[in-house]
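One structure is given below, encoded as structure tokens.
There are 2 protein chains.
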Amino acid sequence: MGVISVELGERKLHILQAIIDDYIISGEPVGSRTIAKKSGIAISSATIRNEMADLEEMGYLEQPHTSAGRIPSDKGYRLYVDRLIKAEGLSINEAKYIKDIYDRKTRHIEQVIFQTSKILSDITNYTAVVLGPKLSRVLIKHIQLVPIDAYYALLMVVTNTGIVKDAIISIPQGVGMDYLARISNILNDLFKDQSLGEISLEPLIEMREGMIQNRDFFNSLVDALTESIDIGDISEVYLGGMTNIFNYPEYHDIFKAKEFLNLMEQKELLYRLLARSQDNGVSVTIGEENQCEELREYSIITATYNINGKTLGTMGIIGPTRMEYSKTISVMDFMGKTLSNYLTRLFSKE
Amino acid sequence: MGVISVELGERKLHILQAIIDDYIISGEPVGSRTIAKKSGIAISSATIRNEMADLEEMGYLEQPHTSAGRIPSDKGYRLYVDRLIKAEGLSINEAKYIKDIYDRKTRHIEQVIFQTSKILSDITNYTAVVLGPKLSRVLIKHIQLVPIDAYYALLMVVTNTGIVKDAIISIPQGVGMDYLARISNILNDLFKDQSLGEISLEPLIEMREGMIQNRDFFNSLVDALTESIDIGDISEVYLGGMTNIFNYPEYHDIFKAKEFLNLMEQKELLYRLLARSQDNGVSVTIGEENQCEELREYSIITATYNINGKTLGTMGIIGPTRMEYSKTISVMDFMGKTLSNYLTRLFSKE
DNA sequence: ATTAGCACTCATTAGAGGAGAGTGCTAACA
DNA sequence: TGTTAGCACTCTCCTCTAATGAGTGCTAAT
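So the protein sequences, as listed, match chains S and H. Each residue of the first sequence is one higher than the one before, counting from 636 in the numbering used here. Each residue of the second sequence is one higher than the one before, counting from 636 in the numbering used here.
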């Protein structure tokens, strides 16, 4: 790809940029006259037409039909994102708006994540998806079996993100509080300070083997732990601004709209979509680059958040390929950092 | 309204029914010829035209424009629902489908409620809203303060529906496990077996007055309890089949669709909408009967579910006024009863 | 009271024509 | 050789018109 800079002269790049900038705002094919007037350089529309024809041949532009202007191809957007956009800081108002919201303290991380999805969709005007903390990355702080009544006890797992997983399990006749307390201690000794991803239930299962009494109880205990770890890993998915897609005329078509909304209802799909991008920082996927067939007309921008530098989860923005990349990338970068700071402050006093 | 039966002869009723039956399926204004052919009675279209003119004058029908067929008015639908529909049982397949899903046991009531919303929207092809258990109706089974580490403890409230509300509160220096256990016991004595709606924090606040040490701790305790009760009452709202509205051509308009989806995103609105109908059994609200301005073009059918006959929550279906009332009412009735049975079996062994 | 017949209404559809935006090409120009 | 003005051409979109047809209301006959 290093050849690009040879292929593409300064002027071509400038024209490509002008076209994409215009198309992102208008959504309409861009003609040579428009560029001749708006772009800084003083060249005639005829010259620009020649350049545009070249750019089309190289695959950066497309033409919906013969007598229309040009629209960027996915390859065009890729070049644009990689080389043409300049970082665009958030406005003071926006930064303040975000900070203000995070100032309302909660210790409920779900609330925070939910808020984040709302903020993202509000600011960007696209659809936001935020994954809750990937539970395999989360540390166990405390496990306890709490008796509720004669028949049931509550298995409780508290993590360093303040999340509490609980499961109700039935206890056999004649098991007393002291017994539960003993088991609690054992569980704590076994699992404390391990991450949910690392822990192995082996020792517990071995223990069970040695037992004659209360095997049923141990079974349900193992089951409950397994479940809270497994189910846990497909972490929560929070969606914000689903209907924002209607703001863009190319999705006024009812079938496209329905298709999109149906995708957004499939939490597992969204999870897979975001969970993949594990690299830190902001990453951009444009149109056809998407693995997912149905999302070939959308772009996705993701960022991660962490506690103490340890990546915990992902947030994403989904919008049309003619997305305001510059603005959106800045927002994602800012939000990733802000959320990470917030969470670190909140949950890291070990 | 008793006059109706005088005003409306047998034949008018029959015609009205035929028109509504047809319109519910087709969504197109119904003409006299259609009725003459389809409805059982052998009358000419001219006669039916006369009857239709009468029905329109009485307010049961409307005419979109002079040379179109008739469509039912909300008043017409009301008459239809109250007097003309016959109960329509579920098909064996449907009943089986539902039973099968409820057979997969979970003790997580949220899961069950979520499933319910999916089932409802799947079977009816409308949008389903299900409210989680109204927490004011739910009984406290157990309260406990569990120390997590030197700085924090977990306040845990277990209810008879298996829901666990938890809050992390910070504990003052030098407070030991035995102290927390003592407080736990006090809380249990005070609140056990009361419903969240009934309990008063008065005694706790009084206790605080008598204290010199640890006032801060008591404050956060009271706060946490207050919060889990208050926030709790706007119970969870589960939505299923949001995009089902797109199945009906009259909502292919992008603005209507967006308006609808925006409404569905407002959980509090949905909560208020359903929480109102507290009477047991199925209730139907048609078009203009809706309090909510924006829902004047929709009909809502609600049913309640209970544990041991004690009403816990509400489920609802939202769809166009030309809804398949007969079918939907049956489904709601069936689901209300099925869910109640299921929950009763699951949570009532006191 | 019912119905056949007919004139009338109005939404919907298809087609024709014109306007406008934009292109590619050619020839002239610096 | 790169740039530009000019022009014919293409294709979409809008508007206008006419035709179609479903459905009505009224009248007169049964």
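Backbone N, C-alpha and C define an ideal beta-carbon position, used for all residues, glycine too.
Contacting residues, own chain, Cβ-Cβ under 6 Å from residue i (five flanking each side not counted)
i, result
"Gln652(S)", "Leu719"
"Gly637(S)", "Note that Gly637(S) scores a pLDDT of 39, beneath 50, so its modelled location is shaky; the value from the coordinates is reported in the next line. Cβ neighbours of Gly637(S) beyond the five flanking positions: none."
"Ser640(H)", "Low confidence applies here, because Ser640(H) scores a pLDDT of 42, under 50, leaving its location unreliable; read the following figure in that light. Result list for Ser640(H): empty, nothing under 6 Å."
"Thr796(S)", "Ile744, Pro768, Val773, Phe982"
"Glu985(H)", "Note that Glu985(H) scores 44 on pLDDT, short of 50, meaning its location in the model is unreliable and no value can be drawn from it."
"Pro782(H)", "Ala788, Met812, Leu815"
"Cys927(S)", "none"
"Phe853(S)", "Arg843"
"Ser674(H)", "Ala653"
C-alpha distance - residue i paired with residue j, whole-angstrom precision
i, j, result
"Arg668(S)", "Gly694(S)", "21 Å"
"Arg907(H)", "Gly951(H)", "12 Å"
"Ile683(S)", "Met958(S)", "24 Å"
"Ala788(H)", "His743(S)", "14 Å"
"Val792(S)", "Ser771(H)", "26 Å"
"Ala730(S)", "Tyr737(S)", "11 Å"
"Ser965(H)", "Ser918(H)", "11 Å"
"Glu862(S)", "Ile806(H)", "31 Å"
"Ala681(H)", "Glu894(H)", "41 Å"
"Ile834(S)", "Leu856(S)", "15 Å"
"Leu860(S)", "Val665(S)", "58 Å"
"Lys753(S)", "Leu930(H)", "24 Å"
"Asp914(H)", "Pro699(S)", "58 Å"
"Tyr658(S)", "Ile706(S)", "7 Å"
"Tyr826(S)", "Ile727(S)", "Sequence inspection shows Phe at residue 826(S); the Tyr mentioned does not correspond to that position. Roughly 45 Å separates the two Cα atoms."
"Asp888(S)", "Glu900(H)", "21 Å"
"Glu844(S)", "Ile778(S)", "22 Å"
"Tyr786(S)", "Ile775(H)", "16 Å"
"Leu643(S)", "Glu692(S)", "12 Å"
"Asp968(S)", "Leu898(H)", "31 Å"
"Val810(H)", "Glu841(S)", "37 Å"
"Lys672(S)", "Ile660(S)", "16 Å"
7 Å CB neighbourhood of residue i in its chain, flanking five on each side removed
i, result
"Asn879(H)", "Ser756, Asn760, Tyr761, Thr762"
"Asn882(S)", "Asn760"
"Ile670(H)", "Ile650, Ala653, Ile654, Ile683"
"Thr956(H)", "Asp709, Tyr712, Ile921, Gly922, Glu932, Tyr933, Ser934"
"Thr794(S)", "Val773, Leu774, Ile775, Lys776"
Candidates the options: closest to residue i by CA position
i, options, result
"Ile942(S)", "Glu885(S), Phe982(S), Ile889(S), Asp656(S)", "Phe982(S)"
"Tyr712(H)", "Cys927(H), Gly944(H), Gly922(H), Thr937(H)", "Gly922(H)"
"Thr979(S)", "Ile953(S), Lys945(S), Ser961(S)", "Lys945(S)"
"Met970(H)", "Tyr940(H), Gly948(H), Leu947(H), Ser961(H)", "Tyr940(H)"
"Glu924(S)", "Ile659(S), Leu780(S), Ser830(S), Asp709(S)", "Asp709(S)"
"Ala802(S)", "Leu825(H), Ile798(H), His700(H)", "Ile798(H)"
"Tyr873(S)", "Phe749(S), Thr963(S), Asp828(S)", "Phe749(S)"
"Glu723(S)", "Arg739(S), Gly954(S), Thr963(S), Arg843(S)", "Thr963(S)"
"Asn849(H)", "Ala910(H), Arg911(H), Gln808(H), Gln829(H)", "Gln808(H)"
"Leu947(S)", "Leu909(S), Leu725(S), Asn897(S)", "Leu909(S)"
"Asp858(S)", "Val810(S), Gly875(S), Met846(S), Leu836(S)", "Leu836(S)"
"Tyr977(S)", "Arg739(S), Ile821(S), Ser702(S)", "Arg739(S)"
Limits of the alpha helix (DSSP H) - the one that residue i falls within
i, result
"Tyr786(S)", "First-last for Tyr786(S): undefined, no H or E at that position."
"Gly971(H)", "960-982"
"Ala722(H)", "Careful: Ala722(H) lies outside any alpha helix (DSSP H) and carries neither H nor E."
"Ile655(H)", "645-661"
"Lys672(S)", "667-673"
"Leu714(S)", "709-714"
"Ala892(S)", "889-900"
Where the beta strand (DSSP E) containing residue i begins and where it ends
i, result
"Asn933(H)", "Note that residue 933(H) is Tyr in the sequence shown, not Asn. Unbroken beta strand (DSSP E) run through Tyr933(H): 933-942."
"Asp828(S)", "Here Asp828(S) belongs to no beta strand (DSSP E), and DSSP marks it neither H nor E."
"Pro955(S)", "945-955"
"Lys800(H)", "799-805"
"Gly875(H)", "872-875"
"Thr920(H)", "918-921"
"Ala763(S)", "762-766"
Presumed contact (8 Å Cβ cut-off) between residue i and residue j, rounded CB distance
i, j, result
"Glu745(H)", "Glu871(H)", "7 Å"
"Gly662(S)", "Glu885(S)", "6 Å"
"Met960(S)", "Val716(S)", "According to the sequence shown, residue 960(S) is Tyr rather than Met. Confirmed, Cβ separation roughly 5 Å."
"Thr973(H)", "Ile733(H)", "6 Å"
"Met877(S)", "Leu896(H)", "7 Å"
Residues near residue i in its chain [Cβ-Cβ closer than 8 Å; skip 5 each side]
i, result
"Lys647(H)", "Glu686, Asp689, Leu690"
"Ile818(S)", "Leu780, Leu856"
"Gln829(H)", "Leu774, Ile775"
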